[in-house]
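Protein chains in written order, with the working numbering: chain A, 50 to 232; chain B, 1157 to 1610.
Here a beta-carbon is modelled for each residue, glycine too, at the ideal position from N, C-alpha and C.
In structure tokens:
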């Protein structure tokens, strides 16, 4: 509840700092969790738990250090805890494999950030129709089968089309990062 | 031909892999650093695309294009058609092999339990008596009192409340003649089917409830995941199957198209469809949302209001709580609770109507941060009591400028308003905020208590 006597050291300025840091690093945290879990609803759930856990522990965070690294550790723990809790209901990777993926993903946060920036430009290089289609398909809460039906395609044909667009985007991102490395 | 790593990754990201495929993907990725890097890259791209797409999506657009009911896809229709019309001679060899295999396994299969009873609470039966650890195959069961819980051979958890009549037709198929059940299919029980005379409900990986009150009519509600609902009768009359998402409920009738069910009764403890066992003073809950694609329900929980009660239908993690250092208002405890839909909070034309069947008091828990809407000030009086909704995610959109004083999760303070209805009658509530109001507002909650129980 709002005033928890277990956390007497807490204050409102700390909250603002927390929200600012969380907002800034949320895309990176979300990318990280997405790598570990198969469904978006599970990712949203783990993001929610991560934010709550990070807020509870924020008193232990040293603002001079890297918030993203600190919160990735929490997200990794929350993803594993979620996987154990949901083991019966969800098809998910094993604990060991999630640990392995998490370890590697934690080393790639800078690469992931550059990919995110490159995607911006690569989306602009798509034709307007394809750009609109891919953004519709990935909008929060959208059922891709609806988008398929709206353009008169079967889900299977639509998934193939999306796969082609994603492959083009992935190639474009790779080229962009290589060019950046050269300059 | 074995699927490529790209194909497996795509299907993984769509949540479509089978258990065997997931194991195969994990093995391949564990053994190959490059493929694992490719997998992480694909997951990151997908997350980045979703972030871009969501940025462009306004709240209003989300409301006007909600998670929809989907007509049977062309692929599904074609598959069904091919199955129905497959030529017997084309599969003769397969049938022969199948018969031989069946002969080998039939004796074992004829004795295997389809379900095991895991809990019997205060139960009485008209015919077959069931006990904990007892097994079940095709026998008909009439539960006249209490609750029985089964787990099927495929791990599907089924909870049945009296009065209910049912029988298993296989480990993956249960026929519900009348009454209410709730099923949690889990990963291995995907495809679990509840058959009624009004049609069938096929699990697509979910928790759902089915109720049969009258012959030829059933209600279906989804608490997580998705189900496919197939009305009985000709496709020309029913329009074919529909997919129902989390938070959705429909009425299913033979030879009729499915229609949105605006309210369902919920069990007070864990999400689930409740029977008519507990009376309620609230009836006929409906809103003015006319979008034919919206199938979301209001959840009526008889005597369900109290500290910790779930506030909304989809976001069951958000509850009503005692505010900071103050006990939960005693008068609210035990009231019939209407779990509302949080996502209508921006609709300034929204109306919620219901009927109160006896003298009662209607309570509205309204976000204190916003100006009370005119309809509330006109018809209700402020009690001076407060409750809090939460826990909300720190920094989330609904939380807005709200800053908790501690490191605890965020709770939104709500004022409790009330309206006395000495004769009962019709109630109409407006939107949580009016056109032109700015700032964040959480959706309000509603509770109703009979006057003689206050």
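Using beta-carbon distances, residue 1171 of chain B counts as an interface residue toward chain A, with a partner under 8 Å. Any Cβ of chain B closer than 8 Å to the Cβ of residue 173 of chain A would place that residue at the interface, and such an atom is absent. For residue 1325 of chain B, the enclosing beta strand (DSSP E) begins and ends at 1313 to 1326. Taking the beta carbon of residue 1208 of chain B as reference, the chain A residues within 8 Å of it are 168, 169, 172, 184 and 187, listed in sequence order. The region 1348 to 1367 of chain B and the region 1378 to 1387 of chain B touch, with three or more beta-carbon pairs separated by less than 8 Å.
Bounds of any beta strand (DSSP E) do not take in residue 1550 of chain B, whose DSSP letter is neither H nor E. The closest CA to that of residue 100 of chain A, considering only B/1578, B/1606, B/1566 and B/1594, is found on B/1566. One thing to note: residue 1405 of chain B has its Cβ within 8 Å of the Cβ of residue 1417 of chain B.
By the C-beta density criterion, residue 1588 of chain B is buried, having at least 16 other C-beta atoms within 10 angstroms. When DSSP assignments are scanned along the region 111 to 168 of chain A, the uninterrupted stretches of alpha helix (DSSP H) that are 4 or more residues long and fall wholly within it turn out to be 116 to 134 and 144 to 155. Contact of residue 161 of chain A with chain B by beta-carbon distance below 7 Å involves 1200.
Taking one beta carbon from each stretch, the region 1316 to 1325 of chain B and the region 1355 to 1363 of chain B have fewer than 3 pairs nearer than 8 Å; the two do not touch.
Residues of the region 92 to 125 of chain A with a C-beta atom less than 9 Å from some C-beta of chain B are 92, 94, 96, 97, 100, 101, 103, 104, 105, 106, 107 and 108, listed in chain order.
For residue 1338 of chain B, the enclosing beta strand (DSSP E) stretches over residues 1329 to 1340. Taking one beta carbon from each stretch, the region 1460 to 1473 of chain B and the region 1502 to 1510 of chain B have fewer than 3 pairs nearer than 8 Å; the two do not touch.
The beta-carbon of residue 1275 of chain B is placed no less than 8 Å from the nearest beta-carbon of chain A.
Cβ neighbours of residue 1290 of chain B within its own chain (closer than 7 Å, five residues either side excluded): 1273. Using beta-carbon distances, residue 196 of chain A does not count as an interface residue toward chain B, since no partner is under 8 Å. Annotated three-state conformation of residue 214 of chain A is helix, per DSSP.
For the region 72 to 90 of chain A, the set of positions with a beta-carbon nearer than 7 Å to some beta-carbon of chain B reads 72, 76, 79, 80, 83, 84, 87 and 88 in chain order. The beta-bridge partner set that DSSP reports for residue 1294 of chain B is empty. Judged by DSSP secondary structure, residue 1382 of chain B falls within the beta strand (DSSP E) whose first and last residues are 1382 to 1387.
If the five residues before and after residue 1303 of chain B are omitted, its C-beta is found closer than 6 Å to the C-beta atoms of 1277 and 1317, all from its own chain and listed in chain order. Ranked by Cα distance from residue 157 of chain A, the first of A/118, A/69, A/64 and A/114 is A/118. Neighbourhood of residue 178 of chain A in chain B, by CB distance below 9 Å: empty, with the nearest CB roughly 15 Å away.
Given a length threshold of 4 residues, each whole run of the alpha helix (DSSP H) inside the region 162 to 201 of chain A is given here in chain order: 177 to 187 and 193 to 199.
Taking CB atoms only, residue 150 of chain A has a neighbour in chain B less than 8 Å away.
Scanning the region 1346 to 1426 of chain B for uninterrupted alpha helix (DSSP H) segments of 4 residues or longer gives 1391 to 1394, listed from N- to C-terminal end. Note that the C-beta distance between residue 78 of chain A and residue 124 of chain A is below 8 Å. Segment contact: the region 1172 to 1190 of chain B against the region 155 to 173 of chain A, fewer than three CB-CB distances shorter than 8 Å; contact not assigned. In summary, residue 1529 of chain B is buried, with 16 or more beta-carbon neighbours lying within 10 Å of its beta-carbon over all protein chains present. With a cut-off of 8 Å on Cβ pairs, the region 1495 to 1509 of chain B is in contact with the region 1578 to 1587 of chain B, counting three or more such pairs. Excluding the 5 residues flanking it on each side, residue 155 of chain A has same chain C-beta neighbours closer than 7 Å at 121, in chain order.
With contacts defined as CB atoms closer than 8 Å, residue 1495 of chain B and residue 1457 of chain B qualify as a contacting pair.
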